[in-house]
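In our numbering, the protein residues as written are -2 to 509. Note that the Cβ used here is the ideal one computed from N, Cα and C, for glycine as well. Predicted model only: the values in this text are computed from it and were never measured. Right, one structure below, let's go through it.
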Amino acid sequence: MNTIKLRAGTPDDDNRDYLPEEIKGSDIVVNENGNNSQPYPKRLQEFHGELVKGQENTWYEYVPQKYDGSKPVPLIVSNHGGLMNGWGQCIYSSWSLVADREGFIVVYPTSTNPGFWQIAMPEDDHGGDVIDGRPVPKPERDMSKNPDMQFLRKLIEHMEEKYNIDKGRIFMQGMSMGNMMTSQFAHYYGYLLAGAAGSAGAGPLGVVFDKDGNLINEGGPLAIWQTRPENNGFGVRTHFKEAELDKYNRFYWMKINECDPIPEISIVGEDNFAFYKGKKADLVYLDVKNRDHGQTLDEAFLFWDYLFSGTRREANGSITHGETRIPRKGDACAAAFEPGVAKVWWHNKVQALSQAPLKWQKLKYHGLNGGQKVRGEYTMVPVKFLAEMAGGEYVPSEDTLTAEIRLPDGRVCQFARGSIGCLIDDDLRSMYCEALHREGELLVSVEWFARYVLGLQVSICNDIVYVTDHWAELSYICADLIKDIFSGFTLPDDFTHLEHIKFFGDPEKAND
-2 MNTIKLRAGT
8 PDDDNRDYLP
18 EEIKGSDIVV
28 NENGNNSQPY
38 PKRLQEFHGE
48 LVKGQENTWY
58 EYVPQKYDGS
68 KPVPLIVSNH
78 GGLMNGWGQC
88 IYSSWSLVAD
98 REGFIVVYPT
108 STNPGFWQIA
118 MPEDDHGGDV
128 IDGRPVPKPE
138 RDMSKNPDMQ
148 FLRKLIEHME
158 EKYNIDKGRI
168 FMQGMSMGNM
178 MTSQFAHYYG
188 YLLAGAAGSA
198 GAGPLGVVFD
208 KDGNLINEGG
218 PLAIWQTRPE
228 NNGFGVRTHF
238 KEAELDKYNR
248 FYWMKINECD
258 PIPEISIVGE
268 DNFAFYKGKK
278 ADLVYLDVKN
288 RDHGQTLDEA
298 FLFWDYLFSG
308 TRREANGSIT
318 HGETRIPRKG
328 DACAAAFEPG
338 VAKVWWHNKV
348 QALSQAPLKW
358 QKLKYHGLNG
368 GQKVRGEYTM
378 VPVKFLAEMA
388 GGEYVPSEDT
398 LTAEIRLPDG
408 RVCQFARGSI
418 GCLIDDDLRS
428 MYCEALHREG
438 ELLVSVEWFA
448 RYVLGLQVSI
458 CNDIVYVTDH
468 WAELSYICAD
478 LIKDIFSGFT
488 LPDDFTHLEH
498 IKFFGDPEKA
508 ND
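Next comes the structure, spelled out in structure tokens:
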């Protein structure tokens, strides 16, 4: 492994274009909440050729300085988004940096019709879209004749002939429309790859499920990574509809790869990971908090470090997963709660609670002439479980109106019905709100207890409270995933019910 360095760039903060042409060959960089660029790599080379008979194509190759051809190296095929091209995908991703560190080769193709890949759409979509004043080509549905599908196949063959490529370690990744192109390639020619990764929005369900709910797939299992920005909003109006579309795209690959329905969950900063173990291949799902449509600059590092670094397609066609640079493990210290649900996500599995947490509001009403103001809203959790979460001892009074938590460090916390106070040893401290007594036990704010008593981090989104021992920002779609785990909707037996969701055509019309 080689040491790498970031290069300084010249910011173009006034830019509002997808891909300013003046960036090519320069050190200009663009920063937008969906795409952040790096300076144009000096080793990136442009090529043109007729890899498919009668078809002129363009692609860009990045070969790290350390490559000498003495041993087989992995190949990454990275597909650009709509209105972009191969060199744009290079600067809007960090694959060239990972290549410098690891020694593999990256190729960035430009779509046959510049700016737009020929991606199949549902049968009821007849094309005719215009994006940024440019018409989107009507796609060829016959994959053996689809110019982009055949270009990608021939490009892989070309790279294998030109360089010493490890045929068991060929990976494809794409952003936005390039994500949809990567998915399409995986659906039909996935057996040529060890893994595929996609950044930004999921594709319409009508290209992965037929009208009867059957899976459309000829490529077979392979390692899959799906990244969905929390604020993707591309073609879908609400977070709810986005979550529905995302989960069924995830379900598709979970079925193909025969994944366990319950993942391990890890939230690192704004990155919300769900790691699924598959009998035939693994799947990683990532939701990025507060991120818009596009790809994060560090995604290539995440793809490689968590998944691709240990993935191979063996000679018999099977996918194997070995040791990766970063293990795919859930948070060791984490608890998630949903008001109204008598369950907790604890030690990466679902555990029953003695009763359901409930939402409680802290009110201001004195001096408001009978009115009120809500000053805070909290999730009240049984003190019994909070003691378990703290690794302490739960000691309720005989009448259950008071209770103690005896902590491992020797502190004793005492709570009482109707009191906002918590006695910590002989010191009184105010909580966010008063302790409640329900069904014979006390409940207090998990947010206050986790933060004040245990010094933990708390993140709240989409009615889910996530508690852990490090910086973690829960995202909407990861919270939706936790809700599905609580409800038992982790992987449908079949998909005949998809006709009721009606995502086959325009996703904006779904669930209206």
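So is Lys346 buried or exposed if we call it buried at 16+ other beta carbons inside 10 Å? With a 10 Å radius around the Cβ and a threshold of 16 neighbouring Cβ atoms, Lys346 comes out exposed.
Which residues share a DSSP beta bridge with Gly192? Phe168 and Ala220
Which residues in the same chain as Asn12 place their Cβ atom closer than 8 Å to its Cβ, once the five residues preceding and following it in sequence are excluded? Contacts found: Val27.
Rounded C-beta distance between Ser90 and Ser75? I'm assuming under 8 Å. 6 Å
Supposed contact pair Thr321 and Asp513 - C-beta distance, whole angstroms, cut 8 Å: For residue 513 there is no data in the structure shown, the boundaries of the chain being -2 and 509.
Pair every Cβ in the stretch 437 to 448 with every Cβ in the stretch 348 to 357, then say whether three or more of these pairs are closer than 8 Å. yes
Please return the same chain residues whose Cβ sits closer than 6 Å to the Cβ of Leu425, not counting the five positions on each side in sequence. Gly418
Collapsed DSSP secondary structure at His236 in the structure displayed: Three-state DSSP puts His236 in a helix.
Would Asn54 be called buried (16 or more neighbouring beta carbons within 10 Å of its own) or exposed? Looking at its Cβ environment, which holds 16 or more other Cβ atoms inside 10 Å, Asn54 is buried.
Entirely within the stretch 70 to 157 and at least 3 residues each: give me those beta strand (DSSP E) ranges in chain order. 70 to 76 and 102 to 107
Write down every uninterrupted run of the beta strand (DSSP E) in the stretch 391 to 425 whose length is 3 residues or greater and which is fully enclosed by it, in chain order. 399 to 403, 409 to 413 and 418 to 421
Apart from the five residues on each side of it in sequence, which residues of its chain come closer than 6 Å, Cβ to Cβ, to Gln358? Val371 and Glu374
Whole runs of the alpha helix (DSSP H) within the stretch 431 to 484, excluding any shorter than 4 residues: 473 to 484
From the DSSP output, in three-state form, read off Ser180 for me. helix
Between the alpha carbons of Gly171 and Arg435, how many angstroms are there, rounded? 51 Å
Taking 6 Å as the line, does the beta carbon of Glu438 fall inside it for any heavy atom of the ligand SAH? The ligand SAH is absent from the structure shown, which contains no ligands of any kind.
Given a threshold of 16 other Cβ atoms within 10 Å of its Cβ, counted over all protein chains shown, does Gly66 qualify as buried or as exposed? exposed
Can you tell me the Cα-Cα spacing of Ile1 and Gly100, whole angstroms? 11 Å
For Leu294, which residues in the same chain have their Cβ closer than 6 Å to its Cβ, ignoring the five residues on either side in sequence? Asn33 and Ser91
Tell me the DSSP bridge mates of Asp289? DSSP lists Asn228 as partners of Asp289.
Would you check if the distance between the CB atom of Leu495 and the CB atom of Gly165 is smaller than 7 Å? no
Does the beta-carbon of His77 have 16 or more other beta-carbons within 10 angstroms, so that it is buried, or is it exposed? buried
In the DSSP output, what is Leu340 paired with across the bridge? The residue you asked about is not Leu; residue 340 is Lys in the sequence shown. Bridge pairing for Lys340: Ala349 [DSSP].
Taking only the alpha-carbon atoms, compute the straight-line gap between Leu453 and Tyr273 and give it to the nearest angstrom. A direct Cα-to-Cα measurement between Leu453 and Tyr273 gives close to 26 Å.
Candidates Val104, Glu227 and Ala183, of which the one nearest Cys458 by Cα: Glu227
Okay, do the stretch 212 to 230 and the stretch 241 to 250 touch, 3+ Cβ pairs below 8 Å being the bar? Judged by Cβ distances under 8 Å, the stretch 212 to 230 makes contact with the stretch 241 to 250, as three or more pairs qualify.
Using only the alpha-carbon positions, how far apart do Glu385 and Lys151 sit? 58 Å
Using CA atoms only, rank isn't needed, just tell me which of Glu470, Val95 and Asp207 is closest to Asp491. Asp207
Just mark Ala507 as buried or exposed, buried being the case when its beta carbon has 16 or more other beta carbons within 10 Å. Residue placement at Ala507 is poorly supported in this model, since its pLDDT is 40, which falls under 50; the coordinates are not used for a value here.
Residues in its own chain within less than 8 Å of Gln510 by CB, not counting five upstream and five downstream? Because the chain spans -2 through 509 in this model, residue 510 falls outside it and cannot be assessed.
Using 8 Å as the cut-off, can you tell me whether the stretch 141 to 148 makes contact with the stretch 181 to 189, which would need three or more C-beta pairs spanning the two stretches below that distance? Touching, yes, given that three or more Cβ pairs across the two stretches are closer than 8 Å.
In terms of DSSP beta bridges, what is Gln369 paired with? DSSP lists no partner for Gln369.
Restricting to Cα atoms, I'd like to know which of Trp114, Val104 and Gly130 is closest to Glu137. The shortest C-alpha separation from Glu137 is found at Trp114.
Within the same chain, show all residues whose beta-carbon is closer than 7 Å to that of Glu431, passing over the 5 residues directly before and after it, in chain order. Gly415, Ser416 and Ile417
Is the distance from the Cβ of Phe305 to the Cβ of Gly388 below 7 Å? no
What does DSSP give as the partner residues of His318 in its beta bridges? Thr308
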